[in-house]
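Colleague: Chains as they are written, first to last, in the working numbering: chain V, 954 to 1341; chain A, 18 to 273.
Just so you know, even glycine gets a beta-carbon here, dropped at the ideal spot from N, CA and C.
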Ligand SMILES: Nc1ncnc2c1ncn2[C@@H]1O[C@H](COP(=O)(O)OP(=O)(O)O)[C@@H](O)[C@H]1O
Ligand SMILES: [Mg+2]
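(1) Is residue 1006(V) buried or exposed, if buried means 16 or more other CB atoms sit within 10 Å of its CB?
(2) Less than 8 Å separating the Cβ of residue 98(A) from some heavy atom of ligand 2?
(3) Taking 8 Å as the cut-off, is the CB of residue 1332(V) close to at least one heavy atom of ligand 1?
(4) In its own chain, which residues sit with a C-beta less than 6 Å from the C-beta of residue 1261(V), not counting the 5 before and 5 after it?
(5) Beta carbon of residue 1226(V): closer than 8 Å to some heavy atom of ligand 1?
(6) Assign residue 1026(V) to one of two classes, buried (16 or more other C-beta atoms within 10 Å of its C-beta) or exposed (fewer than that).
(7) Quick check: is the beta carbon of residue 1243(V) nearer than 9 Å to any beta carbon in chain A?
(8) According to the Cβ coordinates, are residue 107(A) and residue 134(A) closer than 9 Å?
(9) Counting only the same chain and skipping the five closest in sequence on each side, list residues whose C-beta sits under 7 Å from that of residue 966(V).
(10) Between residue 1085(V) and residue 963(V), what straight-line distance do the alpha-carbon atoms span, to the nearest angstrom?
(11) Against chain A, does residue 1326(V) count as a neighbour if the rule is that its beta carbon must be under 9 Å from one of theirs?
(12) Name the chain V residues that come within less than 8 Å of residue 160(A), Cβ to Cβ?
(13) So is residue 149(A) in contact with chain V if we call contact Cβ pairs under 9 Å?
(14) Measuring alpha carbon to alpha carbon, tell me which residue in 1244(V), 1094(V), 1103(V), 1219(V) is nearest residue 208(A).
(15) Using only CA atoms, which one of 119(A), 104(A), 105(A), 62(A) lies nearest to residue 95(A)?
(16) Measuring CB to CB, does residue 51(A) end up less than 9 Å from residue 85(A)?
(17) Once DSSP output is grouped into helix, strand and coil, what is the label at residue 1005(V)?
(18) Alpha carbons only, please: which of 100(A), 227(A), 118(A), 243(A) is nearest the one belonging to residue 77(A)?
(19) Using only the alpha-carbon positions, how far apart do residue 1279(V) and residue 981(V) sit?
(20) Listed from N- to C-terminal order along the chain, which residues in the stretch 1265–1293 of chain V have their beta-carbon within a distance smaller than 7 Å of any beta-carbon of chain A?
(21) When Cβ atoms are compared, which residues of the stretch 200–222 of chain A fall closer than 7 Å to chain V?
(22) With a cut-off of 9 Å, does the C-beta of residue 13(A) fall near any C-beta of chain V?
(23) Note down, one range per segment and in chain order, each alpha helix (DSSP H) of at least 4 residues found wholly within the stretch 1171–1218 of chain V.
(24) Evaluate residue 1339(V) with the Cβ neighbour count: other Cβ atoms within 10 Å of its Cβ, from every protein chain shown; 16 or more gives buried, anything less gives exposed.
(25) Counting Cβ pairs, one atom from each stretch, are 3 or more of them under 8 Å apart for the stretch 207–223 of chain A and the stretch 148–166 of chain A?
(26) Under 7 Å between beta-carbons, which chain V residues line up against residue 132(A)? List them in chain order, please.
(27) Mapping DSSP to helix, strand and coil, what is residue 217(A)?
(28) Since I believe residue 1117(V) is in contact with residue 1128(V) (beta carbons under 8 Å), could you give me their beta-carbon distance rounded to a whole number of angstroms?
(29) Tell me which residues share the same chain as residue 1077(V) and place their Cβ nearer than 7 Å to its Cβ, disregarding the 5 neighbours each side in the sequence.
(30) Does the stretch 991–998 of chain V come into contact with the stretch 1313–1326 of chain V, if we say contact requires no fewer than three beta-carbon pairs (one atom in each stretch) closer than 8 Å?
(31) Cβ of residue 114(A) less than 9 Å from any chain V Cβ?
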């Protein structure tokens, strides 16, 4: 076996070409990992908004809270049904109104996007116990005061503590507090008084959805059956987790697939780069290879040695790319989520599986890119050693 | 990679320094009782370059006795390297038989030839052919990686070989840190570390100045005299040929 330090030192000796080839490979792995971290990030962010024992009730046929509408009179009925199945926490549920407002993005010239405004009842913080006011104070009930999620604050005009914005023409509201919710998608929302939201958007007598907090996740099926059996109500019941998974699916899959496709496209370039680098090495080291063959090393050990070298090169690049991609987890980005058509703030979220896949991709590129040069190396005749 | 384990042998004498070969030993005749170690019969080598076949060796016959130190001379392009390649198992004859150290090279597979070279042949090249990224010691150790020796044994043997060529103080040096003569001595250490049956040298002093060339020739003489190595050396240099025990001339595809 040709010693590994032979390959290692060859990589070190030709620093410049090694770095250039490794850089290309690093870029591919970076893009590949970033795309998947992005897809994962949006799934995780929306996933955090769900509690396992929570159910969401919407109008049958609505794919999001935005489209759904439930009559006020049905809210108490729903909560009564929940109590019958087992929903003893206080409050057992909330009826909320969901609207979007078009706001100007900070840091852009006239760039606007949808921001979710959730009209919430007084006891919303008791219902979502993971949400906490982190700055300022809670909004006073029945007023034009609002609180903004920590993710979206300051990203749109007026969405900063102490500022105000118009949820509707000539209908300003004032930001009096900032809340956090463990990185969930609620942090991308503005929470305002239920009544204020309803009157501003002409939704009097309606809520968008009713969230119910059951005593245990296992009670869901019974609750769903009970609500849905009454066809007259025309309601649909989902687990919160399923609802959010559906909300994130489209965008997350799109990001993952697009990013992966771009990475795969790039990878062709990187593999060609690795092939060119290794081919040049085989040409330069013709005499060395011939000498190794003359000394008695077999074709297969030459092949292995060169494959090892290109794979090591790829892992070097891949490692750098993967480590660099980890730096992205500190970056938060805001994007229009296709599930809700409103802005959502999330970050790149790495997982061990994503990193493994990325490193595997690097190794794959190394083997594929290095294959032809390695074959060429293995075919070098030992007579090359003698050639003057 | 090597399947041969009977490669074990006495380590080279470790205490010998630069040797001076006494005059009476030079050009000493080969003892007649010694057996033939290289036996070529009717060897022809034809290269086909383009459409035109070029017959470089033409029905050549050669016997070399064990323990000989023979020089091979001839005009440039006469086929000296080609002949050496056949003997060393780097190439196969077009026709004829080549028996070296008991192996019929003309019928062996590439893999068998590689094992044959690893076991029986020590190579010395005109351009030294050291691996630039490996130290002197690591270069010398290379052939031992094809044996079953453990790393401690390999290191010990490589050190011994470097001591034989007088480079015990340069073991950690890279080829670029050595002079041409020193590089060639490292290459010689690499050639002998496996205790080969035959050492083949293709113009080993071709790239060296007189002084360095003489040192190399003295070293080869020592390998022949003290370690009883059979040496076959291609050379242009009459002074080099002088150090051999016999000289053969290659001309028009045959030995004179
Ligand atoms: N692999 C080869 N293919 C074609 N021609 C070759 C090959 N090797 C050597 N030759 C030719 O064979 C002749 C002898 O070459 P060589 O043995 O290297 O000569 P020398 O070593 O005596 O100078 C030259 O004419 C050379 O061009
Ligand atoms: Mg020659």
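Modeller: Reading from the atomic positions:
(1) In the first chain, the residue the question calls residue 1006(V) occupies position 53. Under this definition residue 1006(V) is a buried residue.
(2) In the second chain, the residue the question calls residue 98(A) occupies position 81. Result yes, Cβ under 8 Å from ligand 2.
(3) Within the first chain, the letter at position 379 stands for residue 1332(V). False, no ligand heavy atom lies under 8 Å from that Cβ.
(4) If you number the first chain from 1, residue 1261(V) lands on position 308. 960.
(5) The residue you call residue 1226(V) lines up with position 273 of the first chain. Residue 1226(V) Cβ: outside cutoff for every heavy atom of ligand 1.
(6) For the purposes of this step, residue 1026(V) is identified with residue 73 of the first chain, where counting begins at 1. By the neighbour-count rule (16 or more Cβ atoms within 10 Å), residue 1026(V) is not buried but exposed.
(7) Along the first chain, one-based indexing puts residue 1243(V) at 290. Answer yes: the Cβ-Cβ gap between residue 1243(V) and chain A drops below 9 Å somewhere.
(8) By one-based count along the second chain, residue 107(A) stands at place 90. By one-based count along the second chain, residue 134(A) stands at place 117. Yes, Cβ-Cβ distance for residue 107(A) and residue 134(A) is below 9 Å.
(9) Locating residue 966(V) in the first chain gives position 13, counting from the first residue. None.
(10) To locate residue 1085(V), count along the first chain from 1; it is residue 132. To locate residue 963(V), count along the first chain from 1; it is residue 10. The straight-line gap from Cα to Cα measures roughly 57 Å.
(11) Position 373 of the first chain, counting from 1, holds the residue named residue 1326(V). It does not; no Cβ of chain A falls within 9 Å.
(12) Locating residue 160(A) in the second chain gives position 143, where the first residue counts as 1. Neighbours of residue 160(A) on chain V, chain order: 1248, 1249.
(13) Residue 149(A) sits at position 132 when you count from the first residue of the second chain. It does: the Cβ of residue 149(A) has a partner Cβ on chain V nearer than 9 Å.
(14) The sequence position of residue 208(A) within the second chain is 191, counting from 1. The option with the nearest alpha carbon to residue 208(A) is 1244(V).
(15) Position 78 of the second chain, counted from the first residue, corresponds to residue 95(A). Nearest of 119(A), 104(A), 105(A), 62(A) to residue 95(A), Cα basis: 62(A).
(16) Translated into the one-based positions of the second chain, residue 51(A) becomes position 34. Translated into the one-based positions of the second chain, residue 85(A) becomes position 68. The answer is yes: Cβ separation under 9 Å.
(17) The residue you call residue 1005(V) lines up with position 52 of the first chain. The answer is coil: DSSP assigns residue 1005(V) none of H, G, I, E or B.
(18) Here residue 77(A) refers to the residue found at position 60 of the second chain. The shortest C-alpha separation from residue 77(A) is found at 100(A).
(19) Position 326 of the first chain, counted from the first residue, corresponds to residue 1279(V). Position 28 of the first chain, counted from the first residue, corresponds to residue 981(V). Each residue's alpha carbon lies about 14 Å from the other.
(20) none
(21) 219
(22) In the structure as shown, chain A begins at 18 and stops at 273. Residue 13(A) is therefore absent and cannot be evaluated.
(23) 1173–1182
(24) Here residue 1339(V) refers to the residue found at position 386 when the first chain is read from its first residue. Classification of residue 1339(V): buried, given that the 10 Å Cβ count is 16 or more.
(25) yes
(26) Here the question's residue 132(A) lines up with position 115 in the second chain. Result: 1249.
(27) As a position in the second chain, residue 217(A) is number 200, starting the count at 1. Strand at residue 217(A).
(28) Sequence index remark: in the first chain, residue 1128(V) carries index 175 (1-based). Sequence index remark: in the first chain, residue 1117(V) carries index 164 (1-based). Their Cβ separation, rounded to whole angstroms, is 7 Å, which keeps residue 1128(V) and residue 1117(V) in contact under 8 Å.
(29) The residue labelled residue 1077(V) in the question sits at position 124 within the first chain. Same-chain partners within the cutoff: 1047, 1144.
(30) no
(31) On the second chain, position 97 is the one that residue 114(A) refers to. No, residue 114(A) does not count as interfacial toward chain V.
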